[in-house]
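The numbering used here applies: residue 59 is where the sequence shown begins, and numbers increase by one. Quick reminder that beta carbons are idealized off the backbone N, C-alpha and C, glycines included.
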Amino acid sequence: MTPAATEVGPKDPVQILTPDGQRLPHEIYDAYLGDVDEDMLRGFYRDMALTRRFDQEATALQRQGQLCLWVPLRGQEAAQIGSGRATRPSDYIFPTYREHGVALTRDVSFSEMLRLFRGISGGGWDPRENNFHMYTMVLAAQLPHAAGYGMALAMEQRGWDAERLAAEGNAVVAYFGDGSSTEGETHESMVFANSFNAPVVYFCQNNQWAISVPFEVQSKVPLVERAAGYGMPGIRVDGNDVLAVLAVTRWALEHARSGKGPVFIEADTYRLGAHTTADDPTKYRMSEEEAAWAPRDPLIRLETYLRENNIVDDAFFEQLAKDADQMAATVREDAMAFPVPPLAKSFEQVYAEAHPLIQEELAWHLQYEAGFADSGDNA
Numbered sequence: 059m060t061p062a063a064t065e066v067g068p069k070d071p072v073q074i075l076t077p078d079g080q081r082l083p084h085e086i087y088d089a090y091l092g093d094v095d096e097d098m099l100r101g102f103y104r105d106m107a108l109t110r111r112f113d114q115e116a117t118a119l120q121r122q123g124q125l126c127l128w129v130p131l132r133g134q135e136a137a138q139i140g141s142g143r144a145t146r147p148s149d150y151i152f153p154t155y156r157e158h159g160v161a162l163t164r165d166v167s168f169s170e171m172l173r174l175f176r177g178i179s180g181g182g183w184d185p186r187e188n189n190f191h192m193y194t195m196v197l198a199a200q201l202p203h204a205a206g207y208g209m210a211l212a213m214e215q216r217g218w219d220a221e222r223l224a225a226e227g228n229a230v231v232a233y234f235g236d237g238s239s240t241e242g243e244t245h246e247s248m249v250f251a252n253s254f255n256a257p258v259v260y261f262c263q264n265n266q267w268a269i270s271v272p273f274e275v276q277s278k279v280p281l282v283e284r285a286a287g288y289g290m291p292g293i294r295v296d297g298n299d300v301l302a303v304l305a306v307t308r309w310a311l312e313h314a315r316s317g318k319g320p321v322f323i324e325a326d327t328y329r330l331g332a333h334t335t336a337d338d339p340t341k342y343r344m345s346e347e348e349a350a351w352a353p354r355d356p357l358i359r360l361e362t363y364l365r366e367n368n369i370v371d372d373a374f375f376e377q378l379a380k381d382a383d384q385m386a387a388t389v390r391e392d393a394m395a396f397p398v399p400p401l402a403k404s405f406e407q408v409y410a411e412a413h414p415l416i417q418e419e420l421a422w423h424l425q426y427e428a429g430f431a432d433s434g435d436n437a
């Protein structure tokens, strides 16, 4: 059964776990949760808790002047862990700048991720090792790349039968936010992906705010309704429900891999903190709104379910807290130990080969640097 908008209802997000932690049956998506056992549920909670603790530590590092900027994700953990855990290692992911939880599911080192935000690297990890692309700081710039990668996969997998596609077929997941939904690259990417039947899952985390712009200014209707205009299925899901996100993303990836083309997912969630550490959300949104979303916190929701079904005990949370603190301490130690490359190094990264203009600018820079007295001479 295909969960088209007429079946699921764009104004009725798919939900498996209610905000008070009750498990709901679903005629379509229960089939995609058959392997979810107690160990996996504990793993989902652990993933989300570690991601949140990393986010807290990175925020603290920025406030202490050790990072140039940080992009928090508090409140969006279920959308990221659920979708990330739905992928295969061979699928390729194009993130924005906030997918720290997805990075965890791809075994990208939290420490290495801080190289970018510490201002000492343009990336921090090799995307070929984990099929997890570099963070994209420009809104929606990664979406045409995702369409192109998906088109290449479609060409590579052309002629495969259904059995081989199901077993070996790969797909692309492209993440973006509600703010990026109004960028031209988003529209262009979806047109190309659908025109060429590219196996791309467009995963929009609608966290209700594009920095200081509320969602109702971005769109007068749920974003998922735009999918019909591109001719692709659109599914709206409760983005704070890790099980619903897992099931919906698994269905979408299955659809894309089978050669049926792209899928659009709108995950309704909420950014509980600031857009970045350069932002002050108290200037543009009311505390009452934040208080209304607080009970829908994805960690609280899953913890309630785990406790009520005797899947975890206090010892689980005590050990997890210790593990999270140890992880955070390691991340801080690693980040502080990263060597800072000389500014001249950045001139080598503009072009693949030497360029006369860049060489001229490098010479000017080195001459400029040499004009400063060495601090040791003035001691």
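Our two residues, residue 200 and residue 341, have alpha carbons roughly 30 Å apart in a direct line.
The criterion of a C-beta distance shorter than 8 Å is satisfied by residue 348 and residue 330.
DSSP places residue 160 within a helical segment (H, G or I) once states are collapsed to three. With contacts defined as CB atoms closer than 8 Å, residue 144 and residue 359 fail to qualify as a contacting pair.
Every alpha helix (DSSP H) stretch that sits fully inside the region 167 to 199 and reaches 4 residues is listed by chain position as 168 to 176 and 185 to 188.
The continuous alpha helix (DSSP H) containing residue 252 extends over residues 242 to 253.
Distance from the Cα of residue 129 is smallest, within the candidate group 105, 118, 139 and 136, for 118. A contact is defined here as three or more CB-CB pairs under 8 Å, and the region 185 to 205 meets this definition with respect to the region 241 to 251.
Out of 163, 165, 164 and 183, the CA that lies nearest to the CA of residue 172 is found in 183. In this structure, residue 142 keeps its C-beta atom at 8 Å or more from the C-beta atom of residue 106. Put simply, the backbone Cα of residue 120 is about 42 Å away from that of residue 255.
Comparing C-alpha distances from residue 175 to each of 414, 398 and 355 shows the shortest one belongs to 398. The closest CA to that of residue 208, considering only 316, 369 and 394, is found on 316. Of the residues 169, 196 and 311, the one whose Cα lies closest to the Cα of residue 225 is 311. Within the region 360 to 401, not a single complete beta strand (DSSP E) segment reaches 3 residues in length. Counting only residues of its own chain and dropping the five nearest sequence neighbours on each side, residue 192 has a CB closer than 7 Å to the CB of 181 and 185. Of the candidates 253, 269, 306 and 377, the residue whose Cα lies closest to the Cα of residue 319 is 253. For residue 139, the enclosing alpha helix (DSSP H) stretches over residues 135 to 144.
Residue 430 counts as exposed, since fewer than 16 other C-beta atoms from the protein chains shown sit within 10 angstroms of its C-beta.
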